[in-house]
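Working notes, beginning with the structure itself.
In this note's numbering, the protein residues as written are 524 to 868.
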């Protein structure tokens, strides 16, 4: 009787130490090995530490032998040219720009498949959008300010129901489609912007109208809310900069950004507010992170800021993505959420 083929080992090289335990909790049969990440001081690498990692010779040798690798895009950018045996990398993030901005396009592209987090981050990002919209429309922040000041019965201002609003989602992939589903649940009308015409079978039933990037002015002039979910690529950097949002001046929508901060520079955000093209900006991602102390964004009452936390990576998210794709890999089936190396997303 032929011996069973050994399962391939998953090598984990990540800033998130809980991933190993989370994978074991989901499926203890998957063989794992963990390669520690340290900073230049030899201390454990932190998700908030943006220094370059120090990789020992022993650790690098283990990485060079990896067939399957779980890694963060910022770490992968330091080692991707030294992975001769790697066939598949499971990323711990949804956005891969930290990897692609360091990719040397003058050399052959990596031969391994790179998979991003997909549906695992769609739900928290969808909840963020809905939560922020409700909080804004119902003025929850002002209620809290009144509570702190011990003021009862402050001036009542009419609010809008979500079912009265139309949202335009820029980028209707896995995350954008989840946001559309949540918005439709609340009765909102949904527009979705895509790069190319989608076949019927790939369209979401929660998007009432699809439009191409060339039709952005039409979307901006018809939506009460505009939500950016676009990744960072050469074609999307600065996509909304300059006077692009002037086309929104009729509706003066709320602008929500949960995609990437470089879709619009700071000066353009400020101008859109001051020119009254948009009524409010809810920014989870910023042109520069962290925001400089001297930035006007901090003090503008028409801007709500959160520190890039709408869709945090948790070990359980990575474990779910890794486990499903692992058995697909073992069975020789197509992997889910494979990134296009040329397109950058």
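C-beta atoms are modelled at their ideal positions from N, C-alpha and C, and glycine is treated no differently.
If you're wondering where the values come from, they're calculated on a predicted model, not measured in any experiment.
Looking at the unbroken alpha helix (DSSP H) that takes in residue i, where does it start and where does it end?
i: residue 872; result: Residue 872 cannot be examined here, being either before or after the span of the chain that is shown, 524 to 868.
i: residue 839; result: 838-854
i: residue 654; result: 642-660
i: residue 668; result: 663-671
Looking only at its own chain, which residues have a Cβ that is under 6 Å from the Cβ of residue i, when we skip the five neighbours before and after it?
i: residue 591; result: 531, 533 and 611
i: residue 547; result: none
i: residue 609; result: 589, 592 and 635
i: residue 599; result: 622
i: residue 787; result: 763 and 764
i: residue 620; result: 755
i: residue 570; result: Note that residue 570 scores a pLDDT of 45, beneath 50, so its modelled location is shaky; the value from the coordinates is reported in the next line. Around residue 570: 538.
i: residue 760; result: 785
i: residue 782; result: 751, 752 and 753
Which partner residues does residue i have in the DSSP bridge list?
i: residue 797; result: Answer by DSSP bridge pairing: none, since residue 797 is not bridged.
i: residue 732; result: 714
i: residue 592; result: 534 and 612
i: residue 750; result: 692 and 779
i: residue 826; result: 804
Excluding the 5 residues flanking residue i on each side, which residues of the same chain have their C-beta closer than 7 Å to its C-beta?
i: residue 683; result: 660
i: residue 728; result: none
i: residue 873; result: A question about residue 873 goes unanswered here, because the residues of the chain that appear run from 524 up to 868.
i: residue 840; result: 640, 643 and 644
i: residue 831; result: 807, 808 and 812
i: residue 732; result: 714
i: residue 596; result: 614, 616, 619, 621 and 622
I need the boundaries of the beta strand (DSSP E) containing residue i, first residue and last residue.
i: residue 625; result: Taken as a continuous stretch (DSSP letters only), residue 625 belongs to no beta strand (DSSP E), as it is neither H nor E.
i: residue 635; result: Premise fails: residue 635 is in no beta strand (DSSP E) and is neither H nor E.
i: residue 804; result: 803-806
From the DSSP output, in three-state form, read off residue i for me.
i: residue 784; result: helix
i: residue 745; result: coil
i: residue 543; result: helix
i: residue 553; result: coil
i: residue 708; result: helix
i: residue 862; result: coil
i: residue 577; result: strand
i: residue 789; result: helix
i: residue 816; result: coil
i: residue 558; result: coil
i: residue 737; result: helix
i: residue 699; result: helix
i: residue 680; result: coil
i: residue 686; result: helix
i: residue 831; result: coil
i: residue 617; result: coil
i: residue 766; result: coil
i: residue 724; result: helix
i: residue 600; result: helix
i: residue 675; result: coil
i: residue 809; result: coil
i: residue 567; result: Residue confidence is low: residue 567 scores 49 on pLDDT, short of 50, so the model does not pin down where it sits. No coordinate-derived value is stated.
Leaving aside the five residues before and after residue i along the sequence, list all residues of the same chain whose C-beta is less than 8 Å from its C-beta, in chain order.
i: residue 675; result: 669
i: residue 746; result: 689, 690, 691, 714, 771, 774 and 776
i: residue 671; result: none
i: residue 730; result: 692, 695, 700, 703, 713, 714 and 715
i: residue 859; result: 638, 641, 844, 847, 848 and 851
i: residue 586; result: 534, 536, 558, 578, 592, 602, 605 and 606
i: residue 657; result: 663 and 685
i: residue 680; result: 662
i: residue 565; result: With a pLDDT of 47 at residue 565, under the threshold of 50, the modelled position of that residue is not reliable, and the figure given next carries that caveat. 577, listed in sequence order.
Can you confirm whether residue i, when its beta carbon is compared against all beta carbons of chain C, has any partner nearer than 8 Å?
i: residue 764; result: Absent here is chain C; the protein component of the structure consists of one chain.
*Counting Cβ pairs closer than 8 Å, one from the segment 732-743 and one from the segment 598-610, do we hit at least three?*
no
_the segment 619-635 touching the segment 645-652, judged by at least three CB pairs closer than 8 Å_ = no
*At least three beta-carbon pairs within less than 8 Å, the segment 638-648 to the segment 766-774*: no
*asked:* So, does the segment 748-757 touch the segment 686-704, judging by three or more C-beta pairs under 8 Å?
replied: yes
*Do three or more CB pairs link the segment 804-821 to the segment 835-843 at distances below 8 Å?*
no
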